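Colleague: Dumping the structure here so I can ask a few things about it.
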Amino acid sequence: MNSLGRNVKNLKCSASLLVILAGLGTVPARAEKLLLWSTGYNGDIPKEERYPRLDPDEACELSYRYIFKGSIYSHSYVVSPPRWEGDTWGLQCFGTWDGRPFDDSGSGQWFDVDIADVVPPPKASCSSPLVGNPIEPLTGAKREEIGTGLSLAGIPLVLTYDSTTRSGLRAYARPAAAAKPLVVGELWSSSFHQRLIVGAQGKVLVARPDGTAVSFSADGAGGYLPNPGHADRLLKLGTGFRYLDMVRRAVETYNAAGLLQEIAFSGGKRLAFVYSTASTSADIAPAPGYLTEVRDQSGRSLTFSYRLPAGAAPATGGLLRRAANSQGEAISLTFDGAGNLTQLTNQDVSVKTFLYEISALPWALTGIQNELNVRFATFSYDAAGRAISTEHAGGVEKYSVSYQVAPEPKNEEQYGSAGSRMQIVVQHKWVTPSGIQITDPGGTVRTIGAVDVNGRPQLASNSQPAGSGCSAATSAQTYDSDGNLASRDDFDGHRSCYVQDPARVLTLTKVEGLASDQSCSQVLASGAALPAGSRKISTQWHPDWPLERQVAEPGRIRTFVYNGQPDPTNNNAIAFCAPRSATLPDGRPIAVLCKEVHQATKDSSGAQGFAAELDQTIEPHITEWTYDTRGSVNSIAEGGIPRATYFYYQDTWYESPAPDARGHAVGDLNFEINGVGHFTQFLAYDHAGRLVKSVDPKSSTTEYEYTPRGYVSSVAVTPPGGDPRTTLYRYDATGALFQLRAPDGSSRGYSYDAAGRLVGSSSSQGTRVEYTLDNFGNRVMEQQLGAGGEVIRKITRTFDALNRVESVQEEAQK
149 MNSLGRNVKN
159 LKCSASLLVI
169 LAGLGTVPAR
179 AEKLLLWSTG
189 YNGDIPKEER
199 YPRLDPDEAC
209 ELSYRYIFKG
219 SIYSHSYVVS
229 PPRWEGDTWG
239 LQCFGTWDGR
249 PFDDSGSGQW
259 FDVDIADVVP
269 PPKASCSSPL
279 VGNPIEPLTG
289 AKREEIGTGL
299 SLAGIPLVLT
309 YDSTTRSGLR
319 AYARPAAAAK
329 PLVVGELWSS
339 SFHQRLIVGA
349 QGKVLVARPD
359 GTAVSFSADG
369 AGGYLPNPGH
379 ADRLLKLGTG
389 FRYLDMVRRA
399 VETYNAAGLL
409 QEIAFSGGKR
419 LAFVYSTAST
429 SADIAPAPGY
439 LTEVRDQSGR
449 SLTFSYRLPA
459 GAAPATGGLL
469 RRAANSQGEA
479 ISLTFDGAGN
489 LTQLTNQDVS
499 VKTFLYEISA
509 LPWALTGIQN
519 ELNVRFATFS
529 YDAAGRAIST
539 EHAGGVEKYS
549 VSYQVAPEPK
559 NEEQYGSAGS
569 RMQIVVQHKW
579 VTPSGIQITD
589 PGGTVRTIGA
599 VDVNGRPQLA
609 SNSQPAGSGC
619 SAATSAQTYD
629 SDGNLASRDD
639 FDGHRSCYVQ
649 DPARVLTLTK
659 VEGLASDQSC
669 SQVLASGAAL
679 PAGSRKISTQ
689 WHPDWPLERQ
699 VAEPGRIRTF
709 VYNGQPDPTN
719 NNAIAFCAPR
729 SATLPDGRPI
739 AVLCKEVHQA
749 TKDSSGAQGF
759 AAELDQTIEP
769 HITEWTYDTR
779 GSVNSIAEGG
789 IPRATYFYYQ
799 DTWYESPAPD
809 ARGHAVGDLN
819 FEINGVGHFT
829 QFLAYDHAGR
839 LVKSVDPKSS
849 TTEYEYTPRG
859 YVSSVAVTPP
869 GGDPRTTLYR
879 YDATGALFQL
889 RAPDGSSRGY
899 SYDAAGRLVG
909 SSSSQGTRVE
919 YTLDNFGNRV
929 MEQQLGAGGE
939 VIRKITRTFD
949 ALNRVESVQE
959 EAQK
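Everything in the sequence shown is counted per this note's numbering, starting at 149 for the first residue and increasing by one.
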């Protein structure tokens with residue numbers, strides 16, 4: 149229940165105890181959307197419990213309990229309206245304990261809680277592996293990405309579940325949870341719902357599309373610095389912020405309230421974000437500030453609407469109810485009383501169900517029931533909320549994790565004062581796990597080791613069991629002082645060494661194929677000789693984006709020339725392959741590829757890097773592109789010879805306002821001319837931007853139809869003067885193809901097990917193919933059966949402990 153505005157019958161006093169909203173608001177009018185509350189400072193409260201709380205009731209209760217030891221906490225209290233304290237929000241709890249009032253004349257002690265650093269878990273990579281239907285052994289988190297079938301400008305709407313904020317039952321990600329819009333609940337997020345929050349002392353949290361958050365600190369010179377290991381950048385504008393996302397290569401613009409206004413991708417694509425206002429219907433959003441629409445440059449959009457659960461605050465409590473594309477295809481979401489996403493209803497009204505079955509961990513996603521009402525996945529947790537196993541129906545593809553020392557978030561506190569108020573600066577880091585054992589679907593146990601890298605656990609070693617022809621082995625990797633990969637040893641005893649750009653988190657030099665005892669410093673220096681059998685790869689990068697500009701490797705140098713950048717193959721003249729007006733919000737040219745040049749060299753190992761001598765006996769291979777203002781390709785040429793030219797619609801027209809009408813939008817591809825002058829026309833699209841009619845160079849017309857979830861349902865090809873030849877595709881409720889019907893009337897059916905794995909196919913002539921799978925999903929047996937059920941062909945395979953093919957035996961009918 150929300151404490152704000154609660155009426156309490158047994159209120160008897162004016163005693164006060166402050167509970168603080170954790171320094172995350174800059175504009176008082178927006179503060180009610182931030183749900184992160186601190187307990188009051190009290191030395192008796194254990195540090196592991198003294199952290200920001202999502203629920204002000206919880207914060208009040210904890211503070212009362214430790215101030216009045218031995219007393220019975222009474223719910224007879226009220227939380228006052230928040231009070232702006234200059235750089236933080238405060239509120240006071242009034243109440244009684246054991247029937248006795250506590251009176252300190254109402255003065256109280258004001259406290260600030262500031263998020264100094266939110267150290268996120270490492271991204272899934274070789275440094276932070278995921279296993280199975282993914283759980284993350286280094287943090288104990290369960291992650292689940294659910295596609296919705298909706299997209300805009302090629303960017304999908306994805307719902308992500310991430311239990312990192314609850315792993316270990318501590319407070320690491322409460323700041324991260326508060327950073328993201330909570331429209332899909334605390335642990336779920338939507339890839340189109342992002343925002344930025346400014347805290348005290350120049351701290352900024354930026355929610356990312358996957359539900360994580362990046363923390364920035366003021367650098368003292370008007371700029372911001374991200375956590376170590378992050379290459380993203382944040383700039384203060386006069387009326388908001390500009391965020392540079394290096395992974396997506398995008399410029400995000402936020403207003404002063406932290407609402408995302410626009411995403412401009414480096415390649416020219418743009419999305420605009422629209423929010424509810426005071427005049428928006430309550431059927432769409434319960435209050436101002438909710439994302440209601442995202443539009444692309446063609447005018448297509450995704451729209452969102454929300455519902456307000458009973459008793460929830462309109463400004464903060466709305467939950468995503470529906471999302472729809474311009475075609476009118478919509479998904480809907482259902483939540484339980486705790487705010488957990490429980491059902492996703494697809495565009496075809498099939499339903500996927502999410503299960504939460506542990507009463508002590510009511511937030512923990514324990515299973516997924518697919519659209520056929522079959523339990524597809526099961527996840528289990530330890531008592532502290534760490535995900536320790538994942539499996540699919542029938543117990544297949546199961547991975548389990550155990551620890552000697554388990555991972556968990558930890559809070560490191562620093563204390564100071566600001567005027568009359570105590571400041572608690574909380575750094576959220578991680579306890580590095582040890583003794584991590586992973587049991588795979590084949591029953592093999594692997595041990596991985598972790599190391600602390602700037603407060604985050606990263607993979608340090610990984611054991612490999614003995615396999616066919618291989619003894620047991622261990623791989624390892626090390627990191628530099630900035631947390632970037634410095635070396636990696638594989639299971640075969642080969643070492644790779646790296647030089648990284650610490651600010652941009654990009655690899656500059658890689659030497660691979662080394663002996664495991666080789667010192668990296670001896671081979672990474674410029675011009676250093678390389679041991680026999682090793683190779684060096686050197687990379688230079690675009691100055692603004694993680695795009696390769698030049699790559700020197702054994703036997704060749706590859707050069708990539710981008711719009712607005714010098715062309716080293718043309719005396720460093722600035723290349724422009726897009727209109728000069730095609731710029732990003734900061735005025736920089738869009739970063740589209742103008743030219744790619746492959747040049748042969750006489751450097752067989754790559755040791756000479758960019759100084760390698762070119763092999764003039766081999767002609768360089770050159771490919772060139774041009775673009776329009778939206779970043780769409782206008783032309784492609786190879787070796788100066790045109791290969792393709794593209795033309796786009798400059799207007800929007802549909803045959804009717806109906807959602808299923810055909811037509812085109814500005815920017816849709818109109819026609820293509822290939823290198824020999826042949827035309828392909830693209831005549832019509834649906835409102836979602838999917839092609840529905842085209843004509844090839846031989847004048848054959850192809851028409852496409854789609855299911856409500858966007859799967860191709862039919863393709864009809866009509867030659868000039870002929871009849872349509874139609875191929876039909878049919879899908880089950882999960883979206884798996886179960887029948888394909890060819891134009892000649894023949895068909896093939898497909899069958900799956902409860903885990904969604906293909907186990908057989910059959911033809912309309914009665915022949916069949918059956919697959920027997922092991923727990924990994926490997927085909928250990930294939931049988932081709934005739935119409936009478938006789939075995940025509942049989943293949944059996946065995947796999948070793950490394951999950952590699954060990955033997956293959958084939959039998960054919962004589």
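We put the beta carbon where it would ideally sit given N, CA and C, even for glycine.
Note that the structure is predicted; figures quoted are calculated from it, not measured.
What's the gap between the Cα of residue 432 and the Cα of residue 843?
Modeller: 41 angstroms
Colleague: Let me know the secondary structure DSSP gives residue 670 once reduced to three states.
Modeller: helix
Colleague: If you draw a straight line from the C-alpha of residue 409 to the C-alpha of residue 477, how long is it?
Modeller: 25 angstroms
Colleague: Mind pulling the alpha helix (DSSP H) runs of 4 or more residues that sit fully within the stretch 762 to 819?
Modeller: none
Colleague: Report yes if the CB atom of residue 402 is closer than 7 angstroms to the CB atom of residue 489, and no otherwise.
Modeller: no
Colleague: Grouping DSSP H, G and I as helix and E and B as strand, with all else coil, what is residue 483?
Modeller: strand
Colleague: Could you give the DSSP three-state label for residue 757: helix, strand or coil?
Modeller: helix
Colleague: So residue 443 packs on residue 420, CB below 8 angstroms; how close in whole Å?
Modeller: 5 angstroms
Colleague: Is it buried or exposed for residue 539, if we count other Cβ within 10 angstroms and need 16 for buried?
Modeller: buried
Colleague: Could you tell me which whole alpha helix (DSSP H) segments of length 4 or greater appear in the stretch 655 to 714?
Modeller: Runs of the alpha helix (DSSP H) inside the stretch 655 to 714: 668 to 672.
Colleague: Compare the C-alpha of residue 656 against each of 688, 381, 635 and name the closest.
Modeller: 688
Colleague: Following the continuous beta strand (DSSP E) through residue 355, name the residue where it begins and the one where it ends.
Modeller: 352 to 355
Colleague: Whose C-alpha, out of 937, 926, 961, is nearest the C-alpha of residue 952?
Modeller: 926
Colleague: For the putative contact between residue 399 and residue 776, defined by C-beta atoms under 8 angstroms, what is the C-beta separation to the nearest angstrom?
Modeller: The pair is not a contact, with the Cβ atoms about 19 angstroms apart (cut-off 8 angstroms).
Colleague: Here's the rule: buried if 16 or more other CB atoms are within 10 angstroms of the residue's CB, otherwise exposed. What is residue 536?
Modeller: buried
Colleague: Specify, as a first and last residue, the run of the beta strand (DSSP E) that residue 381 falls within.
Modeller: 381 to 385
Colleague: Among 800, 705, 736, which has the Cα closest to the Cα of residue 753?
Modeller: 705
Colleague: Who does residue 947 pair with in a DSSP beta bridge?
Modeller: 953
Colleague: Grouping DSSP H, G and I as helix and E and B as strand, with all else coil, what is residue 403?
Modeller: Strand at residue 403.
Colleague: On the DSSP letters alone, give me the boundaries of the beta strand (DSSP E) that residue 449 sits inside.
Modeller: 449 to 455
Colleague: Buried or exposed: residue 300, going by 16 or more other Cβ atoms within 10 Å of its Cβ?
Modeller: Burial is judged here by how many other beta carbons sit within 10 angstroms of a residue's own beta carbon; residue 300 has at least 16 and is buried.
Colleague: Residues in its own chain within less than 6 angstroms of residue 662 by CB, not counting five upstream and five downstream?
Modeller: Residues 643, 682 of the same chain have their beta carbon placed closer than 6 angstroms to that of residue 662, with the five preceding and five following residues left out of the count.
Colleague: How many whole angstroms separate the CB atoms of residue 899 and residue 907, which I take to be in contact at a CB cut-off of 8 angstroms?
Modeller: Right, the Cβ-Cβ distance comes to about 6 angstroms (below 8 angstroms), so this counts as a contact.
Colleague: Is residue 613 near residue 949, with beta carbons less than 7 angstroms apart?
Modeller: Going by C-beta atoms, residue 613 is nearer than 7 angstroms to residue 949.
Colleague: Indicate the three-state DSSP secondary structure (helix, strand or coil) for residue 297 in the structure shown.
Modeller: Strand, per DSSP.
Colleague: To the nearest angstrom, report how far apart residue 485 and residue 584 are at their CA atoms.
Modeller: 36 angstroms
Colleague: From residue 826 to residue 793, what distance separates their C-alpha atoms?
Modeller: 10 angstroms
Colleague: Determine the burial state of residue 290: buried for a count of at least 16 other Cβ atoms within 10 Å of its Cβ, exposed for fewer.
Modeller: buried
Colleague: Cα-Cα, which of 515, 588, 517 is closest to residue 549?
Modeller: 588
Colleague: Between residue 358 and residue 287, how many whole angstroms is the CB-CB distance? I'm expecting something under 8 angstroms.
Modeller: The Cβ separation is near 14 angstroms, so there is no contact.
Colleague: Less than 7 angstroms between C-beta atoms, sequence neighbours within five positions excluded: which residues of the same chain meet that for residue 223?
Modeller: Only weak support is given to the placement of residue 223: the predicted model assigns it a pLDDT of 35, under 50, and the value that follows is read from those uncertain coordinates. Nothing meets the Cβ criterion.
Colleague: Mind checking which residues open and close the beta strand (DSSP E) that includes residue 410?
Modeller: Residues 408 to 413.
Colleague: Mind checking residue 558: buried by the 16 CB within 10 Å criterion, or exposed?
Modeller: buried
Colleague: Between the beta-carbon of residue 415 and the beta-carbon of residue 740, is there less than 7 angstroms?
Modeller: yes
Colleague: Quick one: what's got a C-beta closer than 8 angstroms to residue 628's C-beta in the same chain, skipping five residues either side?
Modeller: 634, 648, 650
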